[in-house]
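Protein chains in written order, with our numbering: chain G, 1 to 109; chain W, 110 to 384.
Here it is as structure tokens:
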């Protein structure tokens with residue numbers, strides 16, 4: 001297993017920080033790619049940040065009310081070793097297809 | 110998860126002119142068989158900010174709902190018509206009706222859960238939804254009104270001061286006007302002059318919730334730290350008197366800006382509309 005850390009992403013419009021409103025996942029939880037991780041508020045609006053990655057949550061940074069700067073650690077995932085290396089290097093668009101197949105199998109059960 | 114999504118500049122003339130409104134239709138992967146949900150954003154916001162980035166569209170799609178979003182005139186990806194009429198709340202309601210029908214909404218029929226239309230509004234969108242519900246009771250099934258008000262803060266907007274400020278930087282005395290203008294200028298997608306046209310049109314048709322009251326079930330929601338939370342009991346009183354079933358929800362610790370992303374708000378709305 002390997003750990004991957006994700007920083008608070010660039011939220012656009014020159015914003016440099018965001019305030020944590022509420023975490024929607026907790027350490028130990030398995031999350032899917034695109035699952036909503038956390039609500040944050042900027043000076044312009046409030047947004048939900050989707051997960052860039054499937055994996056098990058190891059750590060989350062910032063409690064409700066805490067400010068996090070863009071680029072500072074937001075969340076750390078644990079993922080299988082063989083997937084850790086390719087993150088951020090290969091654009092993957094096959095995740096939705098995989099989800100469709102998974103639910104088809106569940107239906108047969 | 111995000112479902113199929115099509116968006117287009119809605120083009121269907123209403124009363125002889127094209128409102129140039131941008132409409133997004135989001136299809137769920139697994140349709141629950143219920144009526145579509147129309148989302149109406151607030152002043153100086155957009156469908157993207159109010160409903161997409163905040164996770165609302167995703168929550169509704171996950172619940173199997175078909176979602177229709179509309180950018181108000183001068184907002185988001187909608188056009189910014191030059192004529193004042195395009196911004197009148199009554200005209201916007203006529204445009205919304207056309208958009209809902211074009212998106213496949215059909216009048217309510219007993220025993221048919223796919224008939225009718227559910228509407229969720231926030232702030233100015235809640236004012237439009239209240240009036241839309243009051244005038245379209247044969248179409249609208251249920252309302253969710255977030256951050257609603259009993260009066261219209263935009264009706265008190267000092268238009269002359271705003272125009273002077275934009276022309277030569279003269280400071281604005283009225284705090285509410287200054288705040289609204291700062292908010293409006295904060296987003297590059299806003300057309301500031303179109304937004305002022307909307308304010309001017311709203312001043313000519315100020316909100317009076319007692320004038321026409323919706324009869325369908327409604328859920329009223331506001332953040333605990335939103336001063337508009339105080340308007341919930343009054344609106345609920347009007348609704349109840351008119352025979353509507355009204356539920357109220359106050360979101361602890363939230364204000365007018367950050368109530369939008371609240372998970373409790375979304376869950377309450379999905380469950381309230383899931384019948």
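For each residue, glycine too, the CB sits at the ideal point set by N, CA and C.
Spatial distance of residue 21 of chain G from residue 67 of chain G (CA atoms): One alpha carbon belongs to residue 21 of chain G, the other to residue 67 of chain G, and they sit about 10 angstroms apart.
Residue 365 of chain W versus residue 46 of chain G - alpha carbon distance: Their backbone Cα atoms lie some 10 angstroms apart in a straight line.
Beta bridge counterpart(s) of residue 69 of chain G as assigned by DSSP: Partner(s): G/17.
Residue-chain proximity (residue 111 of chain W, chain G), Cβ-Cβ < 9 angstroms: Because the pLDDT at residue 111 of chain W is just 46, under 50, the model does not fix this residue reliably, and the value given afterwards should be weighed accordingly. At a cut-off of 9 angstroms between beta-carbon atoms, residue 111 of chain W makes contact with chain G.
Opening and closing residue of the alpha helix (DSSP H) in which residue 341 of chain W lies: Element bounds for residue 341 of chain W: 341-350.
Alpha-carbon to alpha-carbon, residue 78 of chain G and residue 103 of chain G: Confidence is the limiting factor: at residue 103 of chain G the pLDDT is only 44, short of 50, which leaves the residue's position unreliable, though a coordinate-based value still follows. Going from the Cα of residue 103 of chain G to the Cα of residue 78 of chain G covers about 24 angstroms.
Chain G within 9 angstroms of residue 335 of chain W, Cβ atoms only: Taking Cβ atoms only, chain G never reaches closer than 9 angstroms to residue 335 of chain W, which makes this a no.
Within the region 178-251 of chain W, ranges of the beta strand (DSSP E) (whole runs, at least 3 residues): Every beta strand (DSSP E) of 3 residues or more that sits fully in the region 178-251 of chain W is shown, in chain order, as 226-231.
Those runs of the beta strand (DSSP E) which lie wholly inside the region 278-349 of chain W and span at least 3 residues: Under the rule that a run must span 3 or more residues, the beta strand (DSSP E) segments found entirely inside the region 278-349 of chain W read 327-332.
Cβ pair residue 32 of chain G, residue 51 of chain G closer than 9 angstroms: If you check the CB distance, residue 32 of chain G and residue 51 of chain G come in under 9 angstroms.
Endpoints, the alpha helix (DSSP H) within which residue 357 of chain W is located: For residue 357 of chain W, there is no enclosing alpha helix (DSSP H); the residue is found in the beta strand (DSSP E) stretching over 355-360.
Amino acids of chain G, ordered along the chain, whose beta-carbon sits closer than 9 angstroms to that of residue 153 of chain W: Chain G residues near residue 153 of chain W: none, gap ~10 angstroms exceeds 9 angstroms.
Interface partners of residue 366 of chain W on chain G, CB under 8 angstroms: Within 8 angstroms Cβ-Cβ: 41, 45, 46.
Close-in-space but distant-in-sequence residues of the same chain around residue 146 of chain W (CB under 8 angstroms, 5 per side omitted): Close CB contacts of residue 146 of chain W within its chain, under the 8 angstroms cut and outside five residues either way in sequence, are with 169, 174, 175, 176, 177, 226, 227, 228, 229, 382 (chain order).
Where residue 232 of chain W meets chain G, residues with beta-carbon distance less than 8 angstroms: Simply none; closest approach about 12 angstroms.
Within chain W, the residues that residue 37 of chain G reaches when beta carbons sit closer than 9 angstroms: Those do not exist, as residue 37 of chain G stays about 10 angstroms from chain W at its closest Cβ, beyond 9 angstroms.
Residue 369 of chain W: contacting residues in chain G (beta-carbon distance under 7 angstroms): Residues of chain G passing the Cβ test: 46.
Sub-9 angstroms separation of residue 8 of chain G and residue 71 of chain G beta-carbons: Closer than 9 angstroms, so yes.
Coarse secondary structure for residue 37 of chain G, derived from DSSP in three states: Strand at residue 37 of chain G.
Cβ of residue 162 of chain W within 9 angstroms of any chain G Cβ: So, interface residue.
Listed by chain order, chain W residues near residue 8 of chain G by CB distance under 8 angstroms: Simply none; closest approach about 15 angstroms.
Beta carbon proximity, residue 312 of chain W to chain G, threshold 9 angstroms: No, residue 312 of chain W does not count as interfacial toward chain G.
C-alpha gap between residue 231 of chain W and residue 276 of chain W, whole angstroms: Going by the C-alpha atoms only, they are around 31 angstroms apart.
Beta-bridge partners of residue 6 of chain G, as assigned by DSSP: Residue 6 of chain G pairs with G/75.
Neighbour flag for residue 27 of chain G against chain W, beta carbons, 9 angstroms: It does not: the Cβ of residue 27 of chain G has no partner Cβ on chain W nearer than 9 angstroms.
Rounded straight-line distance, which links the Cα of residue 61 of chain G to that of residue 196 of chain W: Taking the straight line from one Cα to the other gives about 44 angstroms.
Any 3 or more C-beta pairs closer than 8 angstroms across the region 323-330 of chain W and the region 198-208 of chain W: Result no; under three Cβ-Cβ pairs closer than 8 angstroms.
Which listed residue (W/360, W/351, W/155, W/133) has its alpha carbon closest to that of residue 243 of chain W: Nearest of W/360, W/351, W/155, W/133 to residue 243 of chain W, Cα basis: W/351.
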